[in-house]
Amino acid sequence: PKALEMAIKTLDNIVRGGTRDHLGGGFHRYSTDHRWHLPHFEKMLYDQALMLMALSEAYAVTGDREYRQAGDELVRYLERDLTSPEGAFYSSEDADSEGKEGAFYVWKFEELSALLSTDDMLMFKELYDIWDSGNFRDEATRTRSGLNVLHRIRSLRDLASMKGMDPEEMYAWDERVRAALWSHRQERPRPALDDKVLTDWNGMMVVALCKAHRHLGRGNALTLAERAIDFLDRNMVRDGMLYHTYRQGEVGVPSLLDDHAYLAWARLEMYFATFDKRHLERCLDLVEEMMSLFLDREDGGFYLSRDDPDLLIRTKDLYDGAYPSGNSVAYYVLTQLAALFNDPRTMDALEGVERHFMRELRLTPSAYTMFMCGALMKDASRTLEVFGPSDPWFPGYHPHLLTVKAEHLEDQPLLPRGYRLCLKGACLPETDDRKEVEKLLE
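86 is the number of the first residue of the sequence shown in our numbering; add one for each residue after it.
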């Protein structure tokens with residue numbers, strides 16, 4: 086499909102480009118050019134979360150090894166550099182060190198030549214576009230900078246073919262060389278760390294880790310997600326109130342719409358990853374709080390902040406900017422809960438969001454891509470009820486399939502084990518034939 090081709094082309098350029106930290110894992114904030122070559126070197130937690138979601142789903146669709154490698158390295162970076170001793174995720178790392186943007190990440194030609202053998206350097210130059218005069222220009226003078234940003238100008242598989250090497254040999258070579266350079270880079274002064282913990286961004290990362298667990302088979306992703314959820318439970322709620330920020334034992338700012346929406350999404354994904362009913366129950370509690378605190382029951386949609394007599398105006402926003410808006414995420418979560426429970430209040434809230442933002446959606450639909458994901462979920466979602474000891478996992482990528490344990494729903498199955506597939510409230514007969522279910526999902 087054309088849409089998939091477009092998505093893959095963009096993702097390939099991001100994964101191979103300079104916006105990716107090819108040595109330490111993770112991704113920089115954005116590219117300053119159209120080639121994804123020269124980044125703004127700051128690393129944001131929300132970018133790591135969104136990239137991990139994209140890589141996990143792209144790998145599920147294509148099986149491309151480069152996506153899995155980039156996803157694995159991102160999780161390693163997250164655990165090593167952005168995770169607190171208590172299990173929460175820090176907000177960001179600065180772009181600057183030693184008073185210069187990108188100083189931690191860029192390389193002089195002579196530096197690389199001194200660290201790598203002659204043969205390794207020749208091949209490294211071909212893969213990562215290394216120049217003795219530098220591979221990007223100074224923004225002010227437009228002269229060669231003398232510095233190199235690592236970015237792959239071809240895939241490892243293509244370079245292996247050019248060199249007559251086995252692809253596995255090429256992957257092993259690349260791992261070895263990058264590990265050596267990373268070890269040397271660790272001796273440099275690091276960029277400053279923003280060790281603030283934000284509820285919404287942590288919820289977003291939990292969602293991403295659940296997807297990495299399911300699609301990449303990343304062994305410790307679920308453990309990291311569980312630790313983060315446990316931290317949020319223990320530290321972000323005080324006297325029954327959820328808070329937005331945490332640093333060094335102190336919370337600040339009562340929760341905003343984004344905090345409830347992302348945390349509810351995180352709990353829902355934790356349920357789909359573990360089938361632990363406590364996560365589903367906590368998701369429902371968070372949604373109940375969200376609707377009580379932020380829902381505009383008259384005109385539809387969710388306010389961004391709580392009702393406060395000191396506020397002159399309460400705003401609503403659907404625009405999906407650097408990351409999805411609270412209204413879009415709330416809508417996405419509600420579409421799934423509506424499919425699972427068919428609750429009239431949930432349906433009313435969904436219709437209210439649609440009604441309030443319909444004019445904006447019609448004018449510029451591309452500005453509301455996360456909302457569109459919710460609209461697709463609402464239109465195409467299917468529920469697979471699993472009962473007894475039956476295996477809930479099926480091969481392939483099924484973005485609109487909601488898999489749930491039947492005992493967690495009201496309508497109990499008749500068979501002691503098996504499956505029931507439902508679409509828009511209508512269910513096919515129960516079956517214990519796994520192959521039949523696979524055919525239906527295809």
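A virtual CB, placed ideally from N, CA and C, is assigned to each residue, including glycine.
Only a predicted model underlies this, so the values are computations on that prediction, with no experimental measurement involved.
Practice task
Find out if the Cβ-Cβ distance for the pair A351, G288 is shorter than 7 Å.
Solution key: yes
Handout entry: Straight-line Cα distance separating Y152 from A358
Key = 21 Å
Exercise for the section: Return helix, strand or coil for H125, following the three-state DSSP convention. Expected result: strand
Practice task
Below 7 Å CB to CB, which residues in the same chain sit around R105 once its five sequence neighbours on both sides are set aside?
Solution key: I99, F112, A155
Handout entry: Residue closest to E260, alpha-carbon to alpha-carbon, out of G110, H483, P477, W478
Key = G110
Handout entry: alpha helix (DSSP H) segments (min. 4 residues) lying fully within the segment 354-421
Key = 362-379
Problem - 7 Å Cβ cutoff met for H298 and A306 - result: yes
Exercise for the section: Note the first and the last residue of the continuous beta strand (DSSP E) segment covering K490. Expected result: 486-490
Problem - Simplified DSSP assignment, three categories, for T203 - result: helix
Practice task
Identify whether D181 lies in helix, strand or coil by the three-state DSSP scheme.
Solution key: strand
Practice task
Within its chain, find whatever has a CB closer than 6 Å to the CB of G172; leave out the 5 residues flanking it on each side and keep chain order.
Solution key: R312, A313, F316
Exercise for the section: Within the same chain, show all residues whose beta-carbon is closer than 8 Å to that of A491, passing over the 5 residues directly before and after it, in chain order. Expected result: E470, V471, F472, Q497, P498, R505
Exercise for the section: Could you name the residues that DSSP lists as bridge partners for L307? Expected result: None, per the DSSP bridge assignment.
Problem - Span separating the alpha-carbon of Y213 from that of W258 - result: 14 Å
Practice task
Can you have a look at Q421 and say buried or exposed, based on whether 16 or more other CB atoms are within 10 angstroms of its CB?
Solution key: buried
Practice task
Throw me the rounded Cβ distance for the M138 and V282 pair, which I believe falls under 8 Å.
Solution key: So it is not a contact: roughly 20 Å between Cβ atoms.
Practice task
Please name the residue, chosen from T330, D217, W192, that lies closest to R270 on a Cα-to-Cα basis.
Solution key: W192
Handout entry: Contact between the segment 264-278 and the segment 116-123 (3+ Cβ pairs under 8 Å)
Key = no
Handout entry: Per-residue burial, Q133 [other beta carbons within 10 Å of its own, 16 or more giving buried]
Key = buried
Problem - Within 7 Å, strictly: CB atoms of H441 and D384 - result: yes
Problem - Close Cβ partners of L244 (< 7 Å) along its chain, the five nearest in sequence each way excluded - result: E211, L212, M255
Handout entry: Closest by C-alpha distance to K524, when choosing among E495, G481, L494
Key = G481
Handout entry: 6 Å Cβ shell around F387 - same chain, five flanking residues per side excluded
Key = L342, F379, L380, N412, A415
Exercise for the section: Could you check the C-alpha separation between P484 and T330 for me, to the nearest Å? Expected result: 31 Å
Problem - Assigned exposure category for N427 - 16 Cβ within 10 Å defines buried - result: exposed
Exercise for the section: Taking E439 as the reference, give the member of A424, L425, G459, W216 with the closest Cα. Expected result: G459
Exercise for the section: For the alpha helix (DSSP H) containing L448, list its first residue and its last residue. Expected result: 429-448
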